[in-house]
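Below you'll find the structure, written out as structure tokens, and then a few comments.
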Amino acid sequence: MMLHWRLLCTVVAFLLLQGCASLRGPDPSDPLEPVNRKVTAFNDLADDLVLRPVAVIYGEVLPTFVRKGISNFFSNQSDVMSFFNSLAQLKLEAASRNAMRVAINTTVGLGGVIDWATELRIDKHKEDFGQTMAFWGVSSGPYVVLPFFGPSTVRDSVGLWVDTKTDVNQQVSDIGARNTLTVLRLTDKRERYLSLSDAVKQASLDPYTFTRDAYLQKRLNDIYDGNPPMLDDFDDPEQPAPMLAPNRPSASPAVPAKSAAPEAKP
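Right, here's the structure in full:
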């Protein structure tokens, strides 16, 4: 969770530094922009009327340590899905680390409320079904904005459906308890992004394009484990955006490239 939070903050900071002095023309990755903007307006209205006020009250009423425990609890559940998706992408090291996280946090961490795994330097490696499909060569398709769920792509929308159906919370038989967990998770997530969403609205001339570009860049980083390919024709409008149809990433975790001088031959 922490790694993805830092990555998202880095992307937002990068876009802020680039400035939003002028609005760009139609984006080839967003042919559905007119419809997406209408859905975004609907989501913003729902957020202003319901989601944000509830998240603000949630943050003001509950102590920090309680909110942290709730976040850890749901993060532990996501580690379960990350384990299976890591296996599906042949990322055995990431799968083993996620398995250790779940085992430690579920037992000595009281069901995940306490994140002992992070304290033991067993970092989180988040994977979802959208990333799994990307690993096996499924193109993302155009950018879409989903009602209530927000930024996505055609591929990630399918991935979200699969992730939702297989989520640990969905296995709870009691409907009331399941719905309570779902609402609590959404509220917790919205509260954690209050400052970020406010900053986006205040800093950008067009929050829609800002959010779209940040989302697509973050997903590209997610798919390539923080080491996306650098294409010389990235800014060429005649070329498709690389996040739409990435090549199959390597199964091994990405590591920073190291420069090494060639060995001298005797």
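Numbering-wise (the working numbering), the sequence shown opens with residue 3 and increments by one.
Cβ coordinates follow ideal geometry from the N, Cα and C atoms, glycine included.
All figures in this text were calculated on a predicted structure; none of them were measured in a lab.
Going by other Cβ atoms of all chains shown within 10 Å of its Cβ, with 16 needed for buried, is Asp81 buried or exposed? In the sequence shown, counting from the first residue as 1, residue 81 sits at position 79. Asp81 is buried by the Cβ-count criterion.
Is Leu222 closer than 7 angstroms to Pro230 when the C-beta atoms are compared? In the sequence shown, counting from the first residue as 1, residue 230 sits at position 228. In the sequence shown, counting from the first residue as 1, residue 222 sits at position 220. In contact: Pro230 and Leu222 (Cβ atoms closer than 7 angstroms).
Beta-carbon spacing of Ser132, Asp158 below 7 angstroms: Within the sequence shown, residue 132 is the residue found at index 130, counting from 1. Within the sequence shown, residue 158 is the residue found at index 156, counting from 1. The sequence given here places Gly at residue 132; Ser does not occur at that position. Yes, the pair counts as a contact, with Cβ atoms nearer than the cut-off.
Assigned secondary structure, Thr168 (DSSP; H/G/I helix, E/B strand, else coil): If you number the sequence shown from 1, residue 168 lands on position 166. Coil at Thr168, not helix or strand.
Cβ shell of Leu183 (< 6 angstroms), same chain only, five flanking positions each side left out: Within the sequence shown, numbered from 1, the residue matching residue 183 stands at position 181. So the qualifying residues of the chain are Asn171.
Please work out which residues of its chain come closer than 8 angstroms, Cβ to Cβ, to Val156, disregarding the five sequence neighbours upstream and downstream, and give them in chain order. Counting from 1 along the sequence shown, the entry for residue 156 is found at position 154. Ser142, Gly143, Pro144 and Val146, listed in sequence order.
Kindly identify the DSSP beta-bridge partner or partners of Thr155. Residue 155 sits at position 153 when you count from the first residue of the sequence shown. DSSP lists Tyr145 as partners of Thr155.
Check: Asp224 C-beta below 6 angstroms from any heavy atom of the ligand MN: Because no ligand of any kind appears in the structure shown, any question about the ligand MN cannot be addressed here.
So is Leu53 buried or exposed if we call it buried at 16+ other beta carbons inside 10 Å? Here residue 53 refers to the residue found at position 51 when the sequence shown is read from its first residue. When all chains shown are included, Leu53 counts as buried.
Quick one: residues in its chain with C-beta nearer than 7 angstroms to the C-beta of Thr213, no 5 flanking neighbours on either side, listed in chain order? Translated into the one-based positions of the sequence shown, residue 213 becomes position 211. So the list reads Pro153 and Val202, once near-sequence residues are dropped.
Environment of Val104 [buried if 16+ CB atoms lie within 10 Å]: Here residue 104 refers to the residue found at position 102 when the sequence shown is read from its first residue. The residue in question, Val104, is buried, as its Cβ has 16 or more Cβ neighbours within 10 Å.
Would you mind giving the Cβ-Cβ distance between Ile106 and Ala119, rounded to the nearest angstrom? I have them listed as a contact below 8 angstroms. Start at 1 with the first residue of the sequence shown, and residue 106 comes out as number 104. Start at 1 with the first residue of the sequence shown, and residue 119 comes out as number 117. Indeed they touch by this definition, with Cβ atoms about 5 angstroms apart.
Do the CB positions of Gly114 and Phe75 come within less than 7 angstroms of each other? The sequence position of residue 114 within the sequence shown is 112, counting from 1. The sequence position of residue 75 within the sequence shown is 73, counting from 1. Yes; because the gap between Cβ atoms is below 7 angstroms, this pair is in contact.
What does a CB cutoff of less than 7 angstroms around Thr189 pick up in its chain, not counting 5 residues either side in sequence? The count along the sequence shown starts at 1 and reaches residue 189 at position 187. Around Thr189: Val56, Ala57 and Tyr60.
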